[in-house]
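A quick write-up on the structure given underneath.
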Amino acid sequence: MPAGLVSVHLLPLLGTSNLVDRLTFGVGATIVVLGAIGVVISRNPVHAALMLVMTLFGVAVLFVQEGANFLAAVQVIVYAGAIVVLFLFVIMFLGVDREENLAEEPLPLQRPLALGLMVLAIAGLLLLGIGSKWSIGPQSVAGPAAHQPGGDVAALGRSVFTTYLFPFEITAALLVIAVVGAVVLARRLRPPAEESSAGGVGGAAEDVGAAEDEGDDEDDEGIDSTEDMARSVAETVTARGRSDSDGTEAGP
Amino acid sequence: MTTAPVLSLIHVLALGDPLFSNGVHWAELLIVLIKVVVAFAALMVSVMLMIWFERKVISDMQARIGPNRAGPWGLLQTLADGTKLFFKEDLMPDQADRFVFKLAPYLSLLPAFLAFTIVPVGGVVTVASHTFELQVADPPVGILFLLAMSSVSVYGVMLAGWSSGSKYPLLGSVRASAQMISYEAALGMSVVTVVLIAGTLSTRGIINAQSHTFFTSWNLIRTGVVPFVLFMIAITAELQRPPFDLAEADSELVGGFHTEYASIRFAMFFLAEFMNTITMSAVIVTLFLGGPDGPTAHLPVLSWLIPIGWFLGKTVVFLFVYVWLRAALPRLRYDQLMDLGWKILIPLSLGWVLLVAAVLVGGWWGAGIFLGMALGFGLLVRAVVVGKERDSDTGSLSADLPAPRALPGSDPGRAGRFDPSSPRTSGL
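Chains as they are written, first to last, in the numbering used here: chain A, 1404 to 1655; chain B, 177 to 604.
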C-alpha cells in the first residue's frame, strides 16, 4: 500500500473494472446513437455533418475502450479530420447548405415504408446478435490487443503486412483507381489558352480566386459560378484523395 | 498489498506513466487532477506572456516601443486586453447560424488545450512514494493524438467562417481549411520519420530514445535535419502564422474567418491561436530536440527543475523564431502556398521517409539502393519532360494543331505570372 497520501481503494466506489467498462461503453454508445439520429433528423446538411463527427468520436471512444488505441486515433484523424472535412467543403462550396423543404413528398409511401424497414432491420440484427455469434468474418484475427508484443500498433502492422498483405495492397490499388476515376470524371477539357494557366492544385486555387473576384458585384457570398466552385472542389477532393492513397501505400 | 485490478480504461489511456503501475486509487486521481490544473494554469499564463513577448519583439524589430503602459514593461497588457474584451458587446450577425457560430470558438480552443497534454515538460518525479511523469497524459499513441487534435482544430476555423454567414469569413475559412489539409500530409510524414527512428508513438518514448548523449542523439541529427525543416514549415502553415497567414490576411479579408466575431468569442480564437503556437513549439522540441534532455546537475531537492528549464529554454527559442518569421517574411501568395505544400514538401517528406526506412532496414546498402532508385526515377522524369517538350515544339509548328500545352516545369508564364492588376493573382 503506498504510504503518504490518502490511498483509499476506488473499488468500493467504482465496483470492478467491469462497471467502468460498461459505463464507458454506455457513454460511447449513447454518443454514437445520438449522433446517428442527429444525422438523419437534421434539416441542415452542415448540422448533419457535425452530428456525423459526433458519431465518429463516439466510435473512437469505443475503440479506446477495446484497447485499440491506434484505431481510435486513426478514426479521428482520417474520418473526422479528413473525410467529414471534405463533406463540409463540398456542402459549403456547392451552396446546398440550406434547409430543405420536406413538406412535399416525392414518393407517397416513403415514410411508412422506411419506418417498417427500419423496425425489420433492427429486429433482424438484434435476433442475429442474441441468437448466434453472427458476423461476416472471423471475430478476431490477431487476438486481443492488450496481450500483443509491441502493443496494438505492432499487432496491426504484423497482420496487415504479413497475413493480409494482399488484401491491403489491393485496397490501396482500389483507392488509386477511385482517384483516377474521379480525375477523369471531374476533368473538363478547356480551351488551350486557359489550360496553360490553370492546371493542378494551384490552378484550382486560381479558379476559386477568379470566382471570388467575379462575384464581387453580386450579393451571394461571393460565389457566383457554381461551375467554377464545383471544379475546384473536385480538384481539391482528388488531390486530397491522392495524398490519402499515397499514405496508404507508403505506410510504416 | 493487494494488487488492485487495473481499471482497463485508465490503464489504456495512460499506459506509459509509472503512476498507474499499482492501480488507481484516490491519490493517483488527485495527482492527475493536480497535473491537469497546473498544466492549464501554466498554459494560460504562458499564452499571456507569449502575446506580450510577440508584441514586444515585433516592436523592437520595427523600431517601436510596443506595449509599455500596463504593468512593468507592459507585461499586463494582455490581461488588460482580455478584460476589455470580456466586457465588450457580444455581436451575432443576422445571417449567422446561431448554434454553430457559438460552437466554433470552443472547437478551436479545446483541441489547443488537449494537444498540450501529451507534451513531456520534464523528467520523472517522485512525491511521497508516487512516481509520475511530468506530463498530463502519456497515451501509447501519443503523437497520433497530437495529429488528431490538429485535424480536429480545422473544424473551429471552418465552421467559424461558414456560420458567420458573410463573404470574407467564408473565404478566409476556405483558405484556412484547404491550407491545413494540404500541409497535414507533410506534417504527418515528417512525424513518421521520427517514429521510425524512435520505434514508438508515445511522446515519452520518443524523448527517452533521444536521451543518450547531448545533441548528437537528438532526432534533429538522427533523422538528418530535413524532416525537422519540413516539420517546421508544415507546422507554421498549420498554425497559420506568417508567412502562411492567408486565412486572416487583413489587407484582403478584413480578419479572415473571425471577422464577425467580437468580445470574448474573438478572444477565444486569439487564445487558441497562441496556445497552438506554444504547443507546437513544445512539440518540435519533443520530437526533434530531445524535449527536456540536457546536462543536469545534482541539486538537493530541486534537480527535477533542470530538465524543465531545458524544455522551457528550447521552447522559447522556437517561439522567438515564430515571432521573427512574422517580422521578417512577407505573406505567400495562394498559388505559392499550394505549390510549396503539394509539389515540394509532400514529395520531399515522402522520399525522406523511404530513405530513413531503407537505411534502418538495410544500412548503407539500403541507402545505396534508395539513391539508385531515386536516380533512376529522376532520369525517367527528365526523359518524360524532354519528350513532352519535343512534342509541344513540333506541335506549335503545325498550323492545324491547337497551341501547345505549357508544361509545369518549363512554363514560360510562370516566371512572369505575378501581376498585381490581374484578378487571378490577387484572389484567393
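Heads up, the beta-carbon is just placed ideally off N, CA and C, and yes, glycines get one too.
For residue i, the residue or residues it bridges with in DSSP
i, result
"B:T307", "B:T302"
"A:H1450", "In DSSP, A:H1450 forms no bridge with anything."
CB contact below 8 Å: residue i versus chain B
i, result
"A:V1442", "no"
"A:I1486", "no"
"A:G1554", "yes"
"A:A1483", "yes"
"A:L1375", "Here chain A covers residues 1404 to 1655 and nothing more, so residue 1375 of chain A does not appear."
"A:V1479", "yes"
"A:L1455", "no"
"A:A1476", "yes"
"A:L1491", "yes"
"A:F1358", "With chain A running from 1404 to 1655 in the structure shown, residue 1358 of chain A is simply not present."
"A:E1615", "Per-residue confidence for A:E1615 stands at a pLDDT of 41, beneath the threshold of 50, marking its modelled position as unreliable; no derived number is given."
"A:L1520", "no"
Contact with chain A by residue i, beta-carbon distance below 8 Å
i, result
"B:A458", "no"
"B:L195", "no"
"B:L323", "yes"
"B:W480", "no"
"B:T353", "Note that residue 353 of chain B is Ser in the sequence shown here, rather than Thr. Judged by the 8 Å Cβ criterion, B:S353 is in contact with chain A."
"B:P296", "no"
"B:M334", "yes"
"B:P281", "no"
"B:S327", "yes"
"B:I382", "no"
"B:V330", "yes"
"B:I520", "no"
"B:G258", "no"
"B:I357", "yes"
"B:A575", "Because B:A575 carries a pLDDT of 49, less than 50, the predicted location of this residue cannot be relied on, and the following value inherits that uncertainty. Output row for B:A575: interface = no."
"B:V276", "yes"
"B:V493", "no"
"B:L377", "yes"
"B:V317", "yes"
"B:L320", "yes"
8 Å Cβ cutoff met for residue i and residue j
i, j, result
"B:I294", "B:F321", "yes"
"B:I440", "B:F262", "yes"
"A:F1466", "A:A1475", "yes"
"B:F464", "B:F404", "yes"
"B:I522", "B:A354", "no"
"B:I382", "B:T455", "no"
"A:V1449", "A:L1491", "yes"
"A:G1441", "B:V328", "no"
"B:L377", "A:V1556", "yes"
"B:Q416", "B:E428", "no"
"B:F292", "B:V499", "no"
"B:V317", "A:F1473", "yes"
"B:G323", "B:V367", "First, the residue type needs correcting, since residue 323 of chain B is Leu and not Gly in the sequence shown. Yes, the pair counts as a contact, with Cβ atoms nearer than the cut-off."
"B:I373", "B:M408", "no"
"B:S349", "B:A272", "no"
"B:A534", "B:I234", "no"
"B:F487", "B:G298", "yes"
"B:W528", "B:V402", "yes"
"B:L501", "B:T412", "yes"
"B:A288", "B:Y359", "no"
"B:V330", "B:F433", "no"
"A:V1464", "A:I1434", "yes"
"B:A438", "B:K264", "yes"
Within chain C, the residues that residue i reaches when beta carbons sit closer than 7 Å
i, result
"B:W338", "Going by chain labels, chain C is absent from the structure shown, which instead holds the protein chains A and B."
Distance between beta carbons of residue j and residue i, contact taken as under 8 Å
i, j, result
"B:L219", "B:A280", "At roughly 21 Å, the Cβ-Cβ gap does not stay under 8 Å, so B:L219 and B:A280 are not in contact."
"B:K211", "B:V303", "11 Å between Cβ atoms; not a contact."
"B:I227", "B:F445", "About 13 Å separates the two Cβ atoms, so there is no contact after all."
"B:V285", "B:L447", "Just to set this straight, residue 285 of chain B is Leu in the shown sequence, not Val. Right, their Cβ atoms sit about 6 Å apart."
"B:P419", "B:P315", "Rounded, the Cβ-Cβ distance is 34 Å, inconsistent with contact."
"B:F308", "B:P194", "7 Å"
- Contiguous alpha helix (DSSP H) assignments of at least 4 residues, all confined to the stretch 305-347 of chain B: 318-339
- Query: Where are the alpha helix (DSSP H) runs, 4 residues long or more, that stay fully inside the stretch 368-438 of chain B, in chain order?
  - Reply: 379-385, 395-398, 402-415 and 426-429
- Query: Can you give, in chain order, each stretch of the beta strand (DSSP E) that sits fully within the stretch 1424-1486 of chain A and has at least 3 residues?
  - Reply: none
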